[in-house]
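For the sequence shown, this note's numbering begins at 3 and goes up steadily by one. These notes concern the structure reproduced below.
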Amino acid sequence: MTTIVIRKDKNDSYRGFLCMGHAQYAKKHFFRAEPDILCAAISMMVISTINSLEELAGEKLTVTSNEETGFIRCDFEGVLQEKSAFLMDSMVFSLENLSKKYGGQYLQIRFEEV
Numbered sequence: 003m004t005t006i007v008i009r010k011d012k013n014d015s016y017r018g019f020l021c022m023g024h025a026q027y028a029k030k031h032f033f034r035a036e037p038d039i040l041c042a043a044i045s046m047m048v049i050s051t052i053n054s055l056e057e058l059a060g061e062k063l064t065v066t067s068n069e070e071t072g073f074i075r076c077d078f079e080g081v082l083q084e085k086s087a088f089l090m091d092s093m094v095f096s097l098e099n100l101s102k103k104y105g106g107q108y109l110q111i112r113f114e115e116v
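Here it is as structure tokens:
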């Protein structure tokens, strides 16, 4: 299962996020080794958001990752600009839709105050 933790401060401003684990959707639904479409979709959304925050919005980020374990941590150095918060809103919205479509046993999203 993939768990996404969206980290916000007491003012409801985004401070970062964590992505942990592999969805394992393909293992449950296919008899032979298949690419995991859900894991690929989650990775695309998370990595695209990180790239957009850095390259398009100019945000300063600290990113650590481990492809083998499916771990990505992204911390924001300051309060995000409005356009950057919109990018995060879009990522969260898309991930929540994936969780609804494929089920919470493969993708869980939770919020954490930091």
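We treat Cβ as the ideally placed atom computed from N, Cα and C, and that holds for glycine. Source: prediction; values computed, not measured.
Subject >> Rounded separation between A59 and I52 - CA only >> reply: So the two alpha carbons sit approximately 10 Å from each other.
**OP:** Identify whether E114 lies in helix, strand or coil by the three-state DSSP scheme.
**Re:** strand
Original post:
If you follow the beta strand (DSSP E) that K102 is part of, which residue opens it and which one closes it?
Top reply: Segment E84 to Y104 is the alpha helix (DSSP H) holding K102; no beta strand (DSSP E) there.
Subject >> Same chain, Cβ closer than 6 Å to K62, five either side skipped, listed in chain order >> reply: E79
**OP:** Would you mind working out which of F73, Q110, Q83 and E84 sits nearest S96, comparing C-alpha positions?
**Re:** Q110
**OP:** Provide the residue span of the alpha helix (DSSP H) that contains V48, from first to last.
**Re:** I39 to N53
Original post:
By a C-beta neighbour count over all protein chains shown, 10 Å radius and 16 as the cutoff for buried, is M93 buried or exposed?
Top reply: Buried.
**OP:** Can you check DSSP and say which residues form a bridge with T64?
**Re:** D77
**OP:** Measure the C-alpha to C-alpha separation of Q83 and K103 and round it to an integer number of angstroms.
**Re:** Straight across, the Cα-Cα distance linking Q83 with K103 is about 30 Å.
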